[in-house]
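As you go down the protein sequences, you meet chains Z and V in turn. Using this note's numbering, the first residue of the first sequence is number 85, and each one after it goes up by one. Using this note's numbering, the first residue of the second sequence is number 387, and each one after it goes up by one. All C-beta atoms, glycine included, are put in the ideal place defined by N, C-alpha and C. This one's a predicted model, so the numbers in the text were calculated from it and none came from an experiment.
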Amino acid sequence: MTVHASPAEIETDQLLGMLERMYLIRRFETEAERQYKQAKIGGYCHLSSGQEATCVGTMDAMTDDDLLVTGYRSHGFALARHVPATEVMAELFGRVDGCARGRGGSMHLLDPDLGYYGGWGIVGGQLPVATGLALALVRQERPAAVLCELGDGAVNMGAWHESLNLASLWDLPIVYLVVNNIYGMGTSVERASAEPELFRRAHAHRMVGERIDGDDIEEVHAATSELLQTARDRHRPAVLEALTYRYRGHSVADAGLSYRDRDEIKEHQERDPIKRVRSVLSERGVEDEQLDAADERAQEQVAEAVEFADASPEPPLDQLAYGMYAKGSDKQFARMRPGSPFGERELVFDAGLGD
Amino acid sequence: MTYREALRLALAEELEHDPRVFLMGEEVGQFEGAYKVSAGLMDRFGADRVRDTPISEEGFVGAGVGAAMLGERPVVEIMTLNFLLVAMDQVINHAAKIGAMFGGMVRCPMVIRTPNGAGAQLTAQHSQSFDQWFASTPGLKVVAPANPRDAKGLLKAAIRDEDPVLVIENLPIYKEKGEVPLDPDFTTPIGLADVPRKGSDLTLISHSFATKRCLDVAEDLAESHGLDIEVVDLRSLRPLDVETVAASVSKTSRAVCVEEGWPTYGVTAEIAARIGKACFDDLDAPVERVGMAEVPMPYAKNLETAALPGADRIAEAVLETLEGSR
Ligand SMILES: Cc1ncc(C[n+]2csc(CCOP(=O)(O)OP(=O)(O)O)c2C)c(N)n1
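Structural data, given as structure tokens:
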């Protein structure tokens, strides 16, 4: 393990805020699982309980101008990046007030206003896209960097190697954050990667590769801050491998026990990232009541999110094709539309393509 | 026996029957298959013949191509058809072209099996029917069983075939039950359509999950409208059995083609054109097509349902076609 330069100490107030967001993620995920089992949430639902320090530590190292791209296990990152819990929950419910207007679901959260350019469902598919965002930042001379999240399973895709090569060759401001939670579905990193020390793969592309304890929020924050700064200042890409663990199965549908045992999970839970932040804060003299209050506020936010999602309407049926093409395209499609002389029944709905 | 079990039986029998056969893919072994098709097979045949791969579709599909060129019989599982897009180059530019491009001197006897199918709110990147992309590629064979019997029969035929065959399975019917022959030499011939329901008023033509829908619609319309509808299940998309389709439409004079994919340039487009040519003089109404609404699949349940070719849309197309008859 490359030991990182001593973690920059995070101010107590900021750390308290981070603790609250870690609680928010934990409580949100517990509630999401409950809502999934009551069929309020459909599709796939990948939870990130256990990975909160990585989510919050990296997000707080980003500036407002930096851009975020993630895979499909993205509730934690979205919440840590301050996408409102109400809108994330509404998205999971498939409602019109969701952050992707009910069209993306769990795997495709986004918030362009917050610089979050998408959760993506194809393993590795987000990597070239994120690399392109970094290219655009350079072309537009914006003093910002991209943080691109991926799992340990994604590093074996061709897209990973191609992206790293481009980023290094072209000097792009991007940090590839490998969230190594040991498993890609049911396959452990040792069974999937010939080089299981994933950060080393960066070296083949002459970029910095670093491995950190992803459950130590201060270390996560310090390492991400430093690498993002290098990306912004010197346009050099990097790979940051954060070692963490997912408590739940691959998705809500997976019990997560066929490829690992309860003891392993318990062992990780004993080193829980939330407990660790609490003890850092206690050591700094913060009272238990204050720490508990952070949890309570998080729980209130989650309750409010469910209420909001429940009250939000379903997306209107006649807007099925909404967003598919840009404004003005309706005219071009006029001759294919239902109702036109030889229009096909299945093409697009009468309300048009939406604008 | 379920569709899933029928596939498992076919794999087990072929692994038993031919030592050149091996299965590989993500989570097929230790995890027992993402959708449990290969449950128990690694225990029975070992990790060499039921081989777990990393998430590297292009890599292991290509490795299947190479192994097949040396006479192995790889069966490559892709978790869902959506992820086969990552390996498209190996399928279209390599596997499919080897026979012709090298003058028949080497062959590629491999199978790619992968489920497909929408309806579980899996959103745009996980609910796509791209059957027609593959079926339009010369050099590939493409089959899509609609029931457990053909799931076993077509998979076995594919494994025994000398060419690359894509077997498109279907997620929503993995749990459907049906009679399955236990004879280890039973296969379903590639290139032959089936007529699971006879009728005289109109022909419904489809494949895979849509066939099940069509059979249900035919049953409902028999009850509600006294209609006598014939259903043709294509089973193979390439080679395509135009003869069975044409014989049916010549008899009924009316056709509605149904698919779960986007119909523009789709399977139904192909079938409608073939019918137009083969049955021009027999047709009493224009050939109608029903497919998925031409949008990327949305997540919200109500939008997803509206996008899919449900029974109501098929029935409506049938009734309109009958009304429109001369
Ligand atoms: C190209 C592709 N292949 C397979 C899948 C199915 N799949 C979804 S998630 C996953 C595991 C990915 O693991 P990892 O990258 O480690 O991320 P984690 O789940 O640990 O967050 C797989 C195999 C997919 N979505 N895309």
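For Ala473(V), the nearest beta carbon of chain Z is not closer than 7 Å to its own beta carbon. DSSP, reduced to helix, strand and coil, places Glu115(Z) within a helical segment of the structure shown. By the neighbour-count definition (other C-beta atoms within 10 Å, threshold 16), Leu341(Z) is an exposed residue. Here Ser610(V) is exposed. Its C-beta has fewer than 16 other C-beta atoms within 10 Å.
Legend: CB atoms of the region 585-609 of chain V lying less than 8 Å from CB atoms of chain Z are not found in any residue.
Put simply, the CB of Val390(Z) is far from chain V, with every gap to its CB atoms at 7 Å or more. Considering only Arg284(Z), Thr147(Z) and Ser277(Z), the residue with the shortest C-alpha distance to Arg316(Z) is Thr147(Z). Given a length threshold of 4 residues, each whole run of the alpha helix (DSSP H) inside the region 401-488 of chain V is given here in chain order: 427-431, 443-455, 467-470 and 484-487.
The C-beta separation of Ala393(Z) from Met173(Z) comes to about 4 Å, placing the pair in contact by the 8 Å criterion. For Asp149(Z), same chain residues with a beta-carbon under 8 Å away, outside a window of 5 residues either side, are Gly199, Arg226, Pro227 and Ala228 in chain order. For Ser442(V), the C-beta contacts it makes with chain Z under 8 Å involve Asn240, Met241 and Gly242, in order along the chain. Along the region 405-436 of chain V, going in chain order, the ones with a CB nearer than 9 Å to a CB of chain Z are Glu412, Glu413, Gln416, Phe417, Glu418 and Ala420. In this structure, Thr142(Z) lies near Thr308(Z), with their beta-carbon atoms less than 7 Å apart. Judged by DSSP in its simplified three-state form, Tyr329(Z) adopts coil rather than helix or strand.
Per DSSP, Glu348(Z) lies in no beta strand (DSSP E); the unbroken alpha helix (DSSP H) holding it starts and ends at Arg346 to Glu354. Within chain Z, Gly127, Gly178, Gly186, Arg187, Gly188 and Gly189 have C-beta atoms less than 7 Å from the C-beta of Tyr685(V), given in sequence order. In the three-state scheme derived from DSSP, where H, G and I count as helix and E and B as strand, Ala693(V) is classed as helix. When secondary structure is reduced to three states using DSSP, Glu616(V) falls in the strand class. Within the region 363-406 of chain Z, the complete alpha helix (DSSP H) segments at least 4 residues long are 372-395, listed from N- to C-terminus. The beta-carbon of Gly134(Z) is placed no less than 7 Å from the nearest beta-carbon of chain V.
When only Cα atoms are considered, Leu152(Z) and Leu471(V) end up about 25 Å apart. Annotation: Thr509(V) to Gly178(Z) spans about 11 Å, alpha carbon to alpha carbon. Note on geometry: alpha-carbon atoms of Asn468(V) and Thr138(Z) lie some 29 Å from one another.
Residue range Phe595 to His611 is occupied by the alpha helix (DSSP H) that includes Glu605(V).
Taking C-beta atoms as the reference points, Met496(V) and Pro460(V) count as a pair closer than 7 Å.
Contact between Val681(V) and Ala693(V) holds: CB atoms are separated by about 6 Å, below the 8 Å threshold. The three-state reading of DSSP puts Asp580(V) in strand, counting E and B together. For Asp236(Z), the shortest separation between its Cβ and any heavy atom of ligand 1 lies below 6 Å. For Ala641(V), the uninterrupted beta strand (DSSP E) segment begins and ends at Ala641 to Val644. Rounded to whole angstroms, Leu163(Z) and Gln383(Z) show a C-alpha spacing of 13 Å. Between Pro550(V) and Tyr389(V), the gap from beta carbon to beta carbon reaches 7 Å or more.
For Phe469(V), the CB falls within less than 6 Å of some heavy atom of ligand 1. The continuous alpha helix (DSSP H) containing Asp536(V) extends over residues Pro534 to Arg546. Annotation for Cys139(Z): no beta strand (DSSP E) segment contains it, though the alpha helix (DSSP H) segment containing it runs Glu136 to Met143.
Not a single C-beta of chain V is nearer than 7 Å to the C-beta of Glu274(Z).
In this structure, Asn502(V) has its CB at a distance of at least 6 Å from all heavy atoms of ligand 1.
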